Every structure is written in structure tokens, then in C-alpha cells.
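Okay, structure first, notes after.
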Amino acid sequence: MRTDTTPGLDARKQPRQARSQATVDAIFEATIQVLLAEGLPRLTTIRVAERAGVSVGTLYQYYPQKQALLFAVLQRHLDRVAKTVEDAALSVRGACLAQMVRTIVTAFVQIKTENLAESRALFAVAAELDSREYVLTIKERNRAALQAMLETAADARFDDVATVTFMFAGIMIGPIHLLLEGNPSARMLRLLPEQLVSVCLAWLEREARPPLPG
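In terms of UniProt numbering, the sequence shown opens at residue 1 and continues consecutively.
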């Protein structure tokens, strides 16, 4: 893992107009395309700029180095994942435990596997960059959303909801990491959501207590 600090990976400036945002979107999309076509070791800002149809100078206006560009693309991906989890958790507050688990797991697996090649490429980027601090903030967002959801379960309560939430998140994330590191079959991808629902729900039901009366 690299030892770059997160501040050194910051973008030089943020897009403020629609035209600038369109340019950045094109740069991000080109970065993913180059990652998938050439691999991380062969990715350069020149290749990305050519694929995006912009000058290298334009790219450098936003991202002063390759690592800053990769970090920005990784941020966008992780933010999208966190927002998906937050929205799913919010949508089932007050529901029963089984509905909560199915909704969260389905949404999480879908966002991580709908473009598996992209997720795998960005998983490699996260390992290359020192993105630990930012990844931790995403994990905290996910856990906060899950805990707030579990606290409203209609048919369960937990003596230590923070620890239960920590385990729930870990149980859900672990198989996804293994999937991104490996070469899953189509059958495994098809069966994963339902099996992950079963594992997560079994854990939560074991730790659950009946809701308080009234």
C-alpha cells in the first residue's frame, strides 16, 4: 500500500458549472475505461486525457497527478455505495428485521456487482492508494445508517446495537471483498444475495430480544 497522505490526493479544484462538471464526468468515465482496458499499472494521465477527449492541461486543472485522479474516482464510487446503503436503510425504518436485512443486502450486493469489472478495478485502486482514512469515513456512514435502522426494528431490539451493527456490516462486506478478489461464476453471483440474506438474518435473529411491550 502506498504511503501518500490523503491531503496530497485532493483535487486541485472542484467543478462549479455544468460544462465543468461534464468535463470531470468525461474524465472519470475515461479513467474507468483505461483501467479496464489497460490495467492500473499502465494507466497514465495522458491516456486518460486522450480517452476523455480533453487536453492534459485541462485534466491537470482538476487533478495535479495520477493518484489524485484515481482517488477522486474511488471517492465517487464509495460515495455512491454509501448513499445506496443510507437510502435503503432509511426506506425500511420501522419494518421487521427480515425486511430490513433483505432490503439492505439486496441494495448493497446490487451496487457492488452491477458493474463487477469496475468494482474490481476500483478495489485494486483502493489497495494502491493510501485511502484508509476516507474508507473509514465511508464505513462509519454505513454503520451509522444500519444502526439507526436496527434501532427501529418492529420485531426486535438489541442489548448492544453498536456491536451488532459492526458485526452485521462485517458479515455483509466480507463475501463481497472475496468476490472482488476472485473470479466468481455466474451461478455464485446469482445465489449470493439470497445466501447473504440468510447469513445476516440468522446472526441478527440470534442476537435479537423481543421488543419492549407498549
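Every residue gets a Cβ at the ideal spot worked out from N, C-alpha and C, and that includes glycine. Please read all numbers here as calculations on a predicted model, not as lab measurements.
For residue i, the three-state DSSP class (helix, strand or coil)
i           : result
residue 157 : strand
residue 47  : helix
residue 209 : strand
residue 165 : helix
residue 69  : helix
residue 86  : helix
residue 186 : helix
residue 134 : helix
residue 229 : Lying before the first or after the last residue shown, residue 229 is absent from the chain, which here runs from 1 to 214.
residue 181 : helix
Within 8 Å, strictly: CB atoms of residue i and residue j
i           : j           : result
residue 154 : residue 36  : no
residue 81  : residue 111 : yes
residue 117 : residue 88  : no
residue 152 : residue 94  : yes
residue 138 : residue 78  : yes
residue 113 : residue 201 : no
residue 68  : residue 51  : no
residue 85  : residue 103 : no
residue 40  : residue 125 : yes
Neighbour flag for residue i against chain D, beta carbons, 8 Å
i          : result
residue 89 : Protein chains in the displayed structure number just one, and chain D is not present.
Residues sharing a beta bridge with residue i, DSSP
i           : result
residue 245 : The structure shown does not extend to residue 245, since the chain spans only 1 to 214, so no value can be given for it.
Nonlocal neighbours in the same chain, by C-beta distance under 6 Å from residue i, ignoring five residues either side
i           : result
residue 157 : 209, 211
residue 90  : none
residue 32  : 118
residue 5   : Note that residue 5 scores 42 on pLDDT, short of 50, meaning its location in the model is unreliable; the coordinates nonetheless yield the value given after this. Answer for residue 5: no residue qualifies.
Own chain, CB closer than 7 Å to residue i, minus 5 neighbours either side, in chain order
i           : result
residue 166 : 143
residue 47  : 34, 38
residue 44  : 66
residue 19  : none
Cβ neighbours of residue i in the same chain (closer than 8 Å, five flanking residues each side left out)
i           : result
residue 54  : 23, 26, 27
residue 109 : 176, 192, 193, 196
Cβ pair count under 8 Å reaching 3, the segment 170-177 against the segment 192-201: Note that the segment 170-177 touches the segment 192-201; at least 3 beta-carbon pairs, one per stretch, sit closer than 8 Å.
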